[in-house]
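Okay, so the sequence shown: first residue is 161 according to the numbering used here, each after it adds one. All C-beta atoms, glycine included, are put in the ideal place defined by N, C-alpha and C. The structure appears below as structure tokens.
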Amino acid sequence: PALFPSQNALPSVRPLPNWLPHVPEQAALGRALFFDQRLSSSGDVSCASCHNLGAGGADERALSLGAHGGVGVRNAPTVLNAALNFRQFWDGRAPTLEAQVDGPLLDPREMGSTWEHVLAIVNEDENYQRLYEAAFHEPPSKAGVRAALAAFQRTLLTPGSRFDQFLQGNKAALSVREREGWDLFGTYGCDSCHNGVNLGGNMFQRLGVMADYFAEHGDQASLDEGRFQVTADPQDRFVFKTPSLRNVALTAPYFHDGSCATLREAVEAMIVYQVGRPLREEHVARLVALLESMTGDLPKEAP
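Written out as structure tokens, the structure is:
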């Protein structure tokens, strides 16, 4: 059977893998760390607080609540399939999952912790002692904690979506309406940014290619300038990592600022700001139907 049933599909669009290489003992340690609120300075925020594995790996709030009432500055991206992204964070400032760990852990608006605090808990907890010894056979370290959390995230894949079944040759996996949405996905050029195994997460793109998104969103003096804040390159102003569309029906609200409350609003915004075409309700509805088919099997990792 044809792997890419639509003539509009880019060759790089392909099903999710069922597994990524990782050390199971390290992932087991990472799982314990991921759900542990004690790692935060307030004792009530864990990685899972903002990345709910049962709800698309993201946060239902536009901006997440952190330790001591802190509020994040960007919408929490999903951790599901994040191992397949080419870089981490909306601005791509972390090249790997391991490099990403320090960000939320140490940010005072998120977990507000310190490495001294984290390692003290790992060293003093009997369960962590057992898990850490099995994972690394050496005393706890920052590098080990980073590696463990990264290993756990490499297990958070969501294969099995009806969309992937369609890519694998089962045309009946999608309804006629959804298949029409897939054709429109190519016609509108959505696949120029949302492609690859993760349907995104593999490139940067300016938000507002065809219309000025930021002129209509928020105070001009406090705009999030995206990757420019990392590189200071004027060409990177308002550039963000293209998000994955995997499980996108579960991860509202949308965009770096959480400004779109529904998937329909997000599709309409993309057509206006990125594609620059008139809105057609029947097209929006078909695209939304297609996106809803991209929800895969969620990992059974929540406690």
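Asked, Found
"Coarse secondary structure for Pro161, derived from DSSP in three states", "Only weak support is given to the placement of Pro161: the predicted model assigns it a pLDDT of 30, under 50, and the question is left unresolved by the model."
"Counted within 10 angstroms of its Cβ, other Cβ atoms place Ser209 as buried (16 or more) or exposed", "buried"
"Endpoints, the beta strand (DSSP E) within which Gln328 is located", "No beta strand (DSSP E) holds Gln328; DSSP gives it neither H nor E."
"Environment of Gly230 [buried if 16+ CB atoms lie within 10 Å]", "buried"
"Whole-angstrom distance between Phe398 and Trp342, CA atom to CA atom", "28 Å"
"DSSP three-state assignment for Cys545, whether helix, strand or coil", "Because the chain spans 161 through 463 in this model, residue 545 falls outside it and cannot be assessed."
"Identity of the residue in Trp250, Gln186, Ala222 and Pro184 nearest Asp396 by Cα", "Trp250"
"Buried/exposed call for His297, threshold 16 Cβ in 10 Å", "exposed"
"DSSP-derived helix/strand/coil call for Asn212", "strand"
"CB of Arg446 within 7 Å of CB of Leu344, strictly", "yes"
"Per-residue burial, Ser172 [other beta carbons within 10 Å of its own, 16 or more giving buried]", "exposed"
"Bounding residues of the beta strand (DSSP E) (the contiguous stretch that carries Val336)", "Premise fails: Val336 lies in the alpha helix (DSSP H), Val336 to Thr347, not in any beta strand (DSSP E)."
"Spatially closest choice to Gln129 from Pro268, Ile281 and Gln365, by CA coordinates", "Only positions 161 to 463 of the chain appear in the structure, and residue 129 is not among them; the question remains open."
"6 Å Cβ shell around Pro161 - same chain, five flanking residues per side excluded", "Unreliable positioning characterises Pro161 in this predicted model, as indicated by a pLDDT of 30, which lies under 50. The coordinate reading is nonetheless provided below. The residues are Gly329."
"Own chain residues within Cβ distance below 7 Å of Asp457, not counting five before or after", "Thr318, Pro319 and Gly320"
"For Ala311, the nearest candidate out of Val239, Leu405 and Ser453 (CA to CA)", "Val239"
"Through-space distance from Ala188 to Thr315, alpha-carbon basis", "10 Å"
"Outcome for Pro264 when other beta-carbon atoms lying within 10 angstroms are tallied against a minimum of 16", "buried"
"Through-space distance from Ser301 to Tyr348, alpha-carbon basis", "48 Å"
"C-alpha gap between Leu176 and Gly361, whole angstroms", "13 Å"
"Simplified DSSP state of Lys460, which is helix, strand or coil", "coil"
"Assigned secondary structure, Tyr433 (DSSP; H/G/I helix, E/B strand, else coil)", "helix"
"Gln260 - containing alpha helix (DSSP H), residue span", "Leu257 to Gln260"
"Alpha carbon of Thr411 to alpha carbon of Asp324, nearest angstrom", "19 Å"
"C-alpha gap between Leu180 and Gly217, whole angstroms", "18 Å"
"Alpha carbon of Asn178 to alpha carbon of Val357, nearest angstrom", "12 Å"
"Gln186 versus Gly272, Ala294 and Pro459, residue with shortest Cα-Cα distance", "Ala294"
"Expected contact under 8 Å - CB spacing of Pro403 and Pro237 to nearest Å", "7 Å"
"Spatial neighbours of His182 in its chain, beta-carbon cut-off 7 Å, leaving aside the 5 residues before and after", "Ala311, Arg314 and Thr315"
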